[in-house]
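S.K.:
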Amino acid sequence: QNLRPPLALAMSRDGGETWHRVTAIEGHPCGQFSYPTIQVVPDDASVLVAYTVLFLPASMPPDCKKKYGKEATNTTEGLPPSGMRVYGTSLAYLDDAFPTPLEPSPPSPPP
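Heads up: the sequence shown begins at 356 in the working numbering, then just goes up one per residue.
Listed below in structure tokens is the structure:
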């Protein structure tokens, strides 16, 4: 399997020593979510995350292939659309969500 779900947004307030998941952006169990790029937009105090989405039968786990009837085919017909997506949220939302972390991440390795 080569899947990459879920795609989540995390924050650190201690220089990257610890990370806290703030929100899940994508979590479809049959998709790949990759190459995220984050842009802070100071004019309206928001954050944009652009990323790729891929639903490719060849890389799906068996339960996803069965769900979408893709055991013997590599077509994407009937699957959610692949391509580029953009997620946007306000910095205020992220700041409000930060005090109640969902999942702390392990500390970053030393440089």
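Just so it is clear, CB atoms sit at the ideal spot from N, CA and C, and this is done for glycine as well.
Note that the structure is predicted; figures quoted are calculated from it, not measured.
Does the beta-carbon of V377 have 16 or more other beta-carbons within 10 angstroms, so that it is buried, or is it exposed?
M.R.: Per the 10 Å Cβ criterion, buried.
S.K.: Taking the C-alpha atoms as reference points, what is the distance between A363 and C419?
M.R.: Answer to the nearest angstrom: the Cα atoms are 21 Å apart.
S.K.: Are the beta-carbon atoms of Q387 and S414 separated by less than 8 Å?
M.R.: Result yes, Cβ atoms of Q387 and S414 sit closer than 8 Å.
S.K.: With distances taken Cα to Cα, identify the nearest neighbour of T392 among H375, Y442, W374, L446.
M.R.: Comparing Cα positions, the closest option is Y442.
S.K.: CA-CA distance, A400 and L446?
M.R.: Cα-Cα distance, rounded: 6 Å.
S.K.: Do you know how far the Cα of E381 is from the Cα of L434?
M.R.: Looking at the two C-alpha atoms, the distance is approximately 15 Å.
S.K.: Return the CA-CA distance between L457 and S367, expressed in angstroms with no decimal places.
M.R.: No answer about L457 holds up, because its pLDDT of 44 lies below 50 and its placement is not dependable.
S.K.: Which value, in whole angstroms, describes the spacing of the CA atoms of L411 and T444?
M.R.: In a straight line, the C-alpha of L411 is about 28 Å away from that of T444.
S.K.: Unbroken beta strand (DSSP E) runs of length 3 or more, entirely within the stretch 385-428: which are they?
M.R.: With a minimum length of 3 residues, the continuous beta strand (DSSP E) runs that stay inside the stretch 385-428 are 387-396, 401-409.
S.K.: Looking only at DSSP bridge pairs, what is G443 linked to?
M.R.: In DSSP, G443 forms a bridge with L403.
S.K.: Find the nearest neighbour of P497 within the set W374, P384, T373, judged by alpha-carbon distance.
M.R.: Since the first residue of the chain shown is 356 and the last is 466, residue 497 is not available in this structure.
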